[in-house]
Amino acid sequence: AQKITQTQPGMFVQEKEAVTLDCTYDTSDQSYGLFWYKQPSSGEMIFLIYQGSYDEQNATEGRYSLNFQKARKSANLVISASQLGDSAMYFCAMREPIESGNEKLTFGTGTRLTIIP
Amino acid sequence: DAGVIQSPRHEVTEMGQEVTLRCKPISGHNSLFWYRQTMMRGLELLIYFNNNVPIDDSGMPEDRFSAKMPNASFSTLKIQPSEPRDSAVYFCASNPGQGDNSPLHFGNGTRLTVT
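Sequence lines, in order, name chains A and B.
Sequential numbering of the first sequence, starting at 1, is according to my numbering.
Sequential numbering of the second sequence, starting at 118, is according to my numbering.
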């Protein structure tokens, strides 16, 4: 079963509009973390934002915010006032404990976002 | 800080040859991860070290793949013998290993092509 599901393979958004990238996850653990990464065409993986399972407030980092709905097991990324430089692949990931206090990070399949001028 | 350093950036080799990918994690980071990225399978965790000890290698595809971390500042991923289906981008990542909100810091990846 997929641990992380990103249902939008690709999205096209007009510059300056807000965009929401969907992410749902599956875990039976109470303690876990959710991450979003950006991968531009150059290939590097850039960390954007983090949300802990016990965090009551939605995480925000500049133009990025995370719409965390725990009961629905969703952690959507919202990018406000999109820019051409936001065109990239976006990956949702979940950190969950495995054993002995160790953890692993599992990634979704990604969403390719294209900003249209 | 120089970040996670991977070498080489690109590797082209013939089927059957041995390939060694190298990674230097960020100094002070206790956890190191090897991921493989392909169009078909996305980002897959191959193996994960904590304090130089392999913790989870369930993602290693088969016996042709092996990984070592002889010390806190160096890790290798070896494929022997290589096959065309091993062609992918291989990422190394590290994190401090402390606290729930420490993100993985990725290297720039090694693009491997096996012909």
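Every residue, glycine too, gets a C-beta built ideally from N, C-alpha and C.
Near-chain A residues of the region 195-223 of chain B (beta-carbon distance less than 8 angstroms), N- to C-terminal order:
Taking 8 angstroms as the Cβ-Cβ cut-off against chain A, the residues of the region 195-223 of chain B that qualify are V206, F208, A210, D217, N218, P220, L221, H222, F223.
Inspect the beta-carbon positions of L300/B and G176/B and report whether they are closer than 8 angstroms.
Nothing about residue 300/B can be reported from this structure: the residues present for chain B run from 118 to 232 only.
Going by DSSP in three states, D173/B sits in which element: helix, strand or coil?
DSSP, reduced to helix, strand and coil, places D173/B within a strand of the structure shown.
Enumerate in chain order the residues of its own chain whose CB-to-CB distance from A18/A is below 6 angstroms, with the five nearest sequence positions on each side excluded.
Non-local beta-carbon contacts of A18/A in its own chain, meaning distances under 6 angstroms to residues more than five positions away in sequence, involve S80 in chain order.
Which chain A residues sit within Cβ distance under 9 angstroms of G159/B?
F91, F107, G108, T109, G110, listed in chain order.
Any Cβ of chain B within less than 8 angstroms of the Cβ of K73/A?
At a cut-off of 8 angstroms, the C-beta of K73/A has no neighbouring C-beta in chain B.
Exposed or buried, what is V170/B when buried is set at 16 or more other beta-carbons lying within 10 Å of its beta-carbon?
If you draw a 10 Å sphere on the C-beta of V170/B, you find fewer than 16 other C-beta atoms in it, and that means exposed.
Determine the DSSP secondary structure at P201/B, reduced to helix, strand or coil.
In the structure shown, the three-state DSSP call for P201/B is helix.
Hey, how far is the Cα of I116/A from the Cα of D203/B?
If you take the alpha carbons of I116/A and D203/B, they lie about 35 angstroms apart.
Cutoff 8 angstroms: N188/B Cβ touching any chain A Cβ:
Nearest CB-CB separation between N188/B and chain A: not below the 8 angstroms threshold.
Determine whether the beta carbon atoms of Y25/A and I49/A lie at a separation below 8 angstroms.
Taking the C-beta atoms as reference points, I49/A is found no nearer than 8 angstroms to Y25/A.
Whole-Å CB distance - E15/A paired with L77/A, under 8 angstroms assumed:
Contact between E15/A and L77/A does not hold, since the beta-carbon distance rounds to 18 angstroms and is not under 8 angstroms.
Could you tell me the alpha carbon to alpha carbon distance between E143/B and G10/A, rounded to whole angstroms?
A quick correction: the sequence has Ile, not Glu, at residue 143/B. Cα to Cα, I143/B sits roughly 33 angstroms from G10/A.
Any beta-carbon of chain B closer than 8 angstroms to the one on E44/A?
Among the CB atoms of chain B, one or more fall inside 8 angstroms of the CB of E44/A.
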